[in-house]
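A short write-up of the structure that comes next.
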Amino acid sequence: MKPRTRVLLVDDHPMVRRGLRGFLELFDDMEVVGEAGDGLSALDLTASVRPDVVVMDLLLPRLDGIEATRELRARHPDVEVVALTGFVDEERVIAAIDAGASGFLLKDAEADDIAAAIRAARAGELYLDPAVAGIVARQLRGPFGPPGDTLDDHNLTPRERDVLGLVARGLPNRAIGESLGITERTARTHVSNILAKLGLTSRTQAALFAVEQGIEPDVERGGRRRA
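Take -15 as the starting number for the sequence shown in the numbering used here and just add one per residue.
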């Protein structure tokens, strides 16, 4: 049986943390390994309890949730962050994604949605609340790199372009591998290389960049390139 996903809950309201813990205790594949009430405590606890995923409120005392996410991802790139907020604010949505969050949820999300976001983050996949995804689609224009920055500036190989197109469709590594006729591990390696070349920190950012650039995978199922 796969190890359970270790989750750290960060919110300045104890009742919210209690509710989140109660949700997650319903799932056998997760365990809450700690709780923090502010951004600085979240950084300290991440170093000590080593979670797989941090569920991070964006409005926090001492250190803002966005800055805490940015610092956490810099210190612990193997730890994923799912951003959590009580309301949708366009600037904060984009800022959280830019900081490295791999998921974005509203606090009124159902337990199954919270679990799905955590599982997606653990698998290196993105998960956006539909309202957030709509904001990104409507508002995000040229979010990464200097003005005029395009995909051609980053020397991606044809295979990496195909992988990026599939990331933009929201496919996990396993599905990318099946589509391209490669292993899941190879797909994961391609994604890591793409992030490094683009100077990004998360699949979410890569997907948004690909959408902004109009990238589509030029392959058929099984890895054969279209004529």
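Glycine included, C-beta positions come from ideal geometry on N, C-alpha and C.
Nearest to residue i (by Cα), restricted to the options the options
| i | options | result |
| --- | --- | --- |
| ASP146 | GLY198, ALA95, ASP113 and GLU109 | GLY198 |
| VAL0 | LEU27, LEU47, THR30 and ASP41 | ASP41 |
| ILE160 | ASN139, PHE193, ASP113 and ALA107 | ALA107 |
| ASP36 | THR69, VAL77, GLY3 and ARG103 | ARG103 |
| SER32 | LEU179, ARG2, ASN177 and VAL63 | VAL63 |
| ALA67 | ILE78, ASN177 and PRO61 | ILE78 |
| LEU43 | VAL72, HIS60, ASP13 and ASN139 | VAL72 |
| LYS(-14) | LEU179, ASP13, LEU4 and LEU(-7) | ASP13 |
| VAL(-9) | GLY3, GLU15 and LEU29 | GLU15 |
| ALA80 | HIS60, ARG(-12), SER163 and ILE50 | ILE50 |
Cutoff 6 Å; reference residue i; Cβ partners in own chain excluding five residues on either side
| i | result |
| --- | --- |
| GLY129 | Unreliable placement is indicated for GLY129, whose pLDDT of 48 sits below 50; the coordinate value is still reported in the next sentence. Cβ neighbours of GLY129 beyond the five flanking positions: none. |
| GLU75 | none |
| VAL65 | VAL38, MET40, THR53 and ALA85 |
| GLY70 | LYS91 |
| ALA105 | VAL37, GLU64, VAL66, SER86 and GLY87 |
| ALA26 | VAL(-6), ALA20 and ALA52 |
Contacts around residue i, its chain only, beta-carbon distance under 7 Å, and the 5 residues preceding and following it disregarded
| i | result |
| --- | --- |
| ARG158 | GLU168 |
| PRO131 | Legend: pLDDT at PRO131 = 43, less than 50; position of this residue unreliable, value from coordinates given subsequently. Nothing meets the Cβ criterion. |
| LEU124 | Confidence is the limiting factor: at LEU124 the pLDDT is only 47, short of 50, which leaves the residue's position unreliable, though a coordinate-based value still follows. So the list reads ILE78, LEU192 and GLU196, once near-sequence residues are dropped. |
| ILE178 | LEU140, GLU144, VAL147, LEU148 and ALA190 |
| ALA100 | TYR111 |
| LYS181 | HIS138, ASN139 and LEU140 |
Endpoints, the beta strand (DSSP E) within which residue i is located
| i | result |
| --- | --- |
| ASP87 | Asp is not the amino acid found at residue 87; the sequence shown has Gly there. Taken as a continuous stretch (DSSP letters only), the beta strand (DSSP E) holding GLY87 covers 87 to 90. |
Closer than 9 Å to chain D by CB, residue i
| i | result |
| --- | --- |
| ALA171 | Included in the structure is just one protein chain, with no chain D present. |
Residue range of the alpha helix (DSSP H) that includes residue i
| i | result |
| --- | --- |
| LEU8 | -2 to 8 |
Under 8 Å, with one C-beta from each stretch per pair, do the stretch 51 to 64 and the stretch 4 to 11 reach the 3-pair mark?
no
So, do the stretch 89 to 97 and the stretch 13 to 21 have three or more beta carbon pairs nearer to each other than 8 Å?
no
Would the stretch 182 to 197 and the stretch 140 to 158 be scored as touching if the rule is three or more Cβ pairs under 8 Å?
yes
Uninterrupted alpha helix (DSSP H) stretches inside the stretch 139 to 186 (no shorter than 4 residues)
142 to 152, 157 to 164 and 168 to 182
In chain order, which alpha helix (DSSP H) runs of at least 4 residues are fully inside the stretch 26 to 105?
49 to 59 and 74 to 83
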